[in-house]
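Student:
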Amino acid sequence: MPKKIMFVEDDEGFYNIFSVPLKMKGYEIIRIADGSSAVEKIITETPDLVLLDIVLPGTSGLDILKELRERDETKSTVVIMLTNFGSDENISRAMEYGANDYLMKYNIVPSELPDKIAAYLGECQEFAVKMTES
Amino acid sequence: MNQLTLLNILIIVEAVLLLVLSLVVFSSTKGSPKEKKVVKGDTKVLKEDFLPIIVHEMRSPLSIINGAADLLVKNTNSLSVEQIHTLLNQIKVSSTTMLDMVGSILDISKMESGRFEITKKMSSISLVLGDECSYFEPLAKIKDVGLECTSNVDIPDFNFDPDRIKQVLNNLISNAIKFSSEKGKVTINARKEGNKCIIEVCDVGVGIPKEEKQHLFQKFFQASNQGGRKGTGLGLFISKGIVEAHGGKIWAEDNEPKGTKMIFQIPIDTN
Chain L
0 MPKKIMFVED DEGFYNIFSV PLKMKGYEII RIADGSSAVE KIITETPDLV LLDIVLPGTS
60 GLDILKELRE RDETKSTVVI MLTNFGSDEN ISRAMEYGAN DYLMKYNIVP SELPDKIAAY
120 LGECQEFAVK MTES
Chain W
0 MNQLTLLNIL IIVEAVLLLV LSLVVFSSTK GSPKEKKVVK GDTKVLKEDF LPIIVHEMRS
60 PLSIINGAAD LLVKNTNSLS VEQIHTLLNQ IKVSSTTMLD MVGSILDISK MESGRFEITK
120 KMSSISLVLG DECSYFEPLA KIKDVGLECT SNVDIPDFNF DPDRIKQVLN NLISNAIKFS
180 SEKGKVTINA RKEGNKCIIE VCDVGVGIPK EEKQHLFQKF FQASNQGGRK GTGLGLFISK
240 GIVEAHGGKI WAEDNEPKGT KMIFQIPIDT N
């Protein structure tokens, strides 16, 4: 089974350039373009990782993150913010709400994104094994 | 598609981008350095330089072009034909976005320096409206928004700049579709009142907060209730300039019971 990534991104251009290298690595990518339906879809799909933009139609990425952390089903889901907004305030709020990482779209070459994602998925796998063993 | 062809495409794209950036910097530094800006959802008017705002707006399409080009160069042999097509198409779309922005900046520069000109010729407003509606039909279908265009038969051909009026309609209709929810409806109507042609673009979207209406036609203004939808905030400013260059006026009203009605009128000049 390929790892499942949910990509919450309303901008088709950014979705296209970042999803292509992830698909090439064999990940299953599901796009959510509207913030208001994101939490419910993430709960339904149970992805291995969520890539989350901040400025979205409907509900902002920070509000989505906050709700994900408040819900039992998603409080441990790996969530990586992938955004254009790198203000200190946004970064500290995202970390306070429980983001696993905060990446700037401008600073990432799309072909390098799978490596960053793989590291987080690997950590999750190890964590899952430990949980099972205990 | 071989690597050489791809490289050639990318070289051309990069050359275009350099030209675009040069134009932007030239135009922005040439204009008035202290432009006024209305911040999103705020009635406060701030003094801001034009350059940082527009550079920020251009960063997204530039990043996308750069990212797509990087993927094409590094993975030419492992990308599928479909992926290559997606990335090349994305370069085209983002380049068009940038060129539109440059066009907007040049228009604003001309408007503010009093050099903006329109080219009137005897034209049919019904045909212009029909063209624009046909152009937006596929987008409306994708968004599941109804699009209805009507034009009263008693409007004679008259002198106006059809390309510039198309630009105004393009802006108003794309906004109306953008801010409509699924199953929404956009109606466009042209009618004659005395010696004026009145065109209305109505939607049943979220509307514009009352206190923000006065700022609607200012540069960079974006209503606070747009729900994260992005735009440059230049379209309505330019539309106002075009309509006024025709000797007309443009304004916004509530579309009862819900949504916004954007209206502009231009004189019917048949001489």
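In the order they appear, the protein sequences are chains L and W. Quick note on numbering that gives the first Met the number 0: the first sequence kicks off at 0 and runs consecutively. Quick note on numbering that gives the first Met the number 0: the second sequence kicks off at 0 and runs consecutively. We put the beta carbon where it would ideally sit given N, CA and C, even for glycine. Here the structure is a predicted model, which means the values were calculated and not measured.
Can you pull the chain W neighbours of valine 108 of chain L, defined as C-beta to C-beta under 8 Å?
Tutor: Within the first sequence, numbered from 1, the residue matching residue 108 of chain L stands at position 109. Those are Gly66, Asp69, listed as they occur along chain W.
Student: Please report how far the alpha carbon of glycine 186 of chain W lies from the alpha carbon of aspartate 130 of chain W, in whole angstroms.
Tutor: Reading the second sequence from its first residue, position 187 is the one you call residue 186 of chain W. Reading the second sequence from its first residue, position 131 is the one you call residue 130 of chain W. According to the sequence provided, residue 186 of chain W is threonine. The question's glycine does not apply to it. Rounded to whole angstroms, threonine 186 of chain W to aspartate 130 of chain W spans 15 Å at the Cα level.
Student: Tell me which residues share the same chain as alanine 117 of chain W and place their Cβ nearer than 6 Å to its Cβ, disregarding the 5 neighbours each side in the sequence.
Tutor: Position 118 of the second sequence holds residue 117 of chain W. A small correction: the amino acid at residue 117 of chain W is isoleucine; alanine does not occupy that position in the sequence shown. For isoleucine 117 of chain W, where only same-chain residues beyond five positions count, the Cβ hits under 6 Å are Asp160, Arg163, Ala244.
Student: Please list, in chain order, the residues of the stretch 52–63 of chain W that have any C-beta partner in chain L closer than 8 Å.
Tutor: Correct list: Arg58, Ser59, Pro60, Ser62, Ile63.
Student: For phenylalanine 157 of chain W, which residues does DSSP report across the bridge?
Tutor: As a working note, residue 157 of chain W is residue 158 in the second sequence. Per DSSP, W:Ser122.
Student: Beta carbon of asparagine 76 of chain W: closer than 7 Å to some heavy atom of the ligand GTP?
Tutor: Annotation note on the ligand GTP: not contained in the displayed structure, which lists no ligands.
Student: Give the single residue among W:Arg190, W:Ile249, W:Val101, W:Thr269 whose Cα lies nearest to the Cα of valine 167 of chain W.
Tutor: In the second sequence, counting from the first residue as 1, residue 167 of chain W sits at position 168. Considering only alpha carbons, the answer is W:Ile249.
Student: What are the residues that DSSP puts in a beta bridge with threonine 231 of chain W?
Tutor: Within the second sequence, numbered from 1, the residue matching residue 231 of chain W stands at position 232. Answer is none; threonine 231 of chain W lacks a bridge partner.
Student: Who are the near neighbours of serine 59 of chain L in its chain, counting only those whose CB is closer than 7 Å to its CB and skipping five residues on each side?
Tutor: The residue you call residue 59 of chain L lines up with position 60 of the first sequence. Excluding sequence neighbours, serine 59 of chain L sits near Gly34, Ile53.
Student: Determine the contact status of valine 200 of chain W and leucine 171 of chain W, defining contact as a CB-CB distance below 8 Å.
Tutor: For the purposes of this step, residue 200 of chain W is taken as residue 201 along the second sequence, with counting starting at 1. For the purposes of this step, residue 171 of chain W is taken as residue 172 along the second sequence, with counting starting at 1. The answer is yes: Cβ separation under 8 Å.
Student: For serine 77 of chain W, go through chain L and note every residue whose CB falls closer than 8 Å to its CB, in chain order.
Tutor: On the second sequence, residue 77 of chain W is found 78 positions in, with the first residue counted as 1. Under the 8 Å cutoff, chain L gives Met23.
Student: Tell me the residue span of the beta strand (DSSP E) that contains serine 77 of chain W.
Tutor: Sequence index remark: in the second sequence, residue 77 of chain W carries index 78 (1-based). Premise fails: serine 77 of chain W is in no beta strand (DSSP E) and is neither H nor E.
Student: With 8 Å set as the bound, which would you pick, yes or no: does the beta-carbon of glycine 12 of chain L sit closer than that to a beta-carbon of chain W?
Tutor: Taking the first residue of the first sequence as 1, we reach residue 12 of chain L at position 13. So yes, glycine 12 of chain L belongs to the interface.
Student: What does DSSP give as the partner residue(s) for cysteine 201 of chain W in the beta ladder?
Tutor: Residue numbering aside, residue 201 of chain W sits at position 202 when the second sequence is read from its first letter. For cysteine 201 of chain W, which the question treats as bridged, DSSP gives the partners W:Thr186, W:Lys260.
Student: How close, in whole Å, do the beta carbons of leucine 50 of chain L and leucine 81 of chain L come, if the pair is a contact with beta carbons under 8 Å?
Tutor: In the first sequence, the residue the question calls residue 50 of chain L occupies position 51. In the first sequence, the residue the question calls residue 81 of chain L occupies position 82. Contact holds; Cβ gap of about 5 Å.
Student: Is it buried or exposed for valine 77 of chain L, if we count other Cβ within 10 angstroms and need 16 for buried?
Tutor: Here residue 77 of chain L refers to the residue found at position 78 of the first sequence. It is buried - the Cβ of valine 77 of chain L has at least 16 other Cβ atoms within 10 Å.
Student: Whose Cβ in chain W lies nearer than 7 Å to the Cβ of lysine 65 of chain L?
Tutor: Position 66 of the first sequence holds residue 65 of chain L. Those within 7 Å of lysine 65 of chain L in chain W number zero; the least Cβ separation is about 16 Å.
Student: Against chain L, does asparagine 74 of chain W count as a neighbour if the rule is that its beta carbon must be under 8 Å from one of theirs?
Tutor: Taking the first residue of the second sequence as 1, we reach residue 74 of chain W at position 75. By this cut-off, asparagine 74 of chain W is an interface position.
Student: Measure the Cβ-Cβ separation of isoleucine 264 of chain W and glycine 247 of chain W and say whether it is below 8 Å.
Tutor: Numbered from its first residue, the second sequence carries residue 264 of chain W at position 265. Numbered from its first residue, the second sequence carries residue 247 of chain W at position 248. Note on residue identity: the sequence assigns glutamine, not isoleucine, to residue 264 of chain W. Result yes, Cβ atoms of glutamine 264 of chain W and glycine 247 of chain W sit closer than 8 Å.
Student: Would you say leucine 86 of chain W faces chain L, with C-beta separation under 8 Å as the test?
Tutor: Walking along the second sequence from the start, residue 86 of chain W turns up at place 87. It does; some Cβ of chain L falls within 8 Å.
Student: How long is the line joining the alpha carbons of methionine 121 of chain W and asparagine 270 of chain W, rounded to whole angstroms?
Tutor: Against the second sequence, residue 121 of chain W aligns to sequence position 122. Against the second sequence, residue 270 of chain W aligns to sequence position 271. Taking the straight line joining both Cα atoms gives about 9 Å.
Student: Between which two residues does the beta strand (DSSP E) holding arginine 30 of chain L run?
Tutor: Walking along the first sequence from the start, residue 30 of chain L turns up at place 31. Counting along the chain, the beta strand (DSSP E) containing arginine 30 of chain L begins and ends at 27–31.
Student: Is the Cβ of glutamine 166 of chain W closer than 8 Å to any Cβ of chain L?
Tutor: Here residue 166 of chain W refers to the residue found at position 167 when the second sequence is read from its first residue. It does not; no Cβ of chain L falls within 8 Å.
Student: Got a sec: which bits of the stretch 89–102 of chain W sit with their beta carbon under 9 Å from any beta carbon on chain L, in order along the chain?
Tutor: Here the close residues are Gln89, Val92, Ser93, Thr96.
Student: Could you tell me the distance, in whole angstroms, from the CA atom of serine 103 of chain W to the CA atom of leucine 21 of chain L?
Tutor: For the purposes of this step, residue 103 of chain W is taken as residue 104 along the second sequence, with counting starting at 1. For the purposes of this step, residue 21 of chain L is taken as residue 22 along the first sequence, with counting starting at 1. So the alpha carbons of these two residues sit roughly 35 Å apart.
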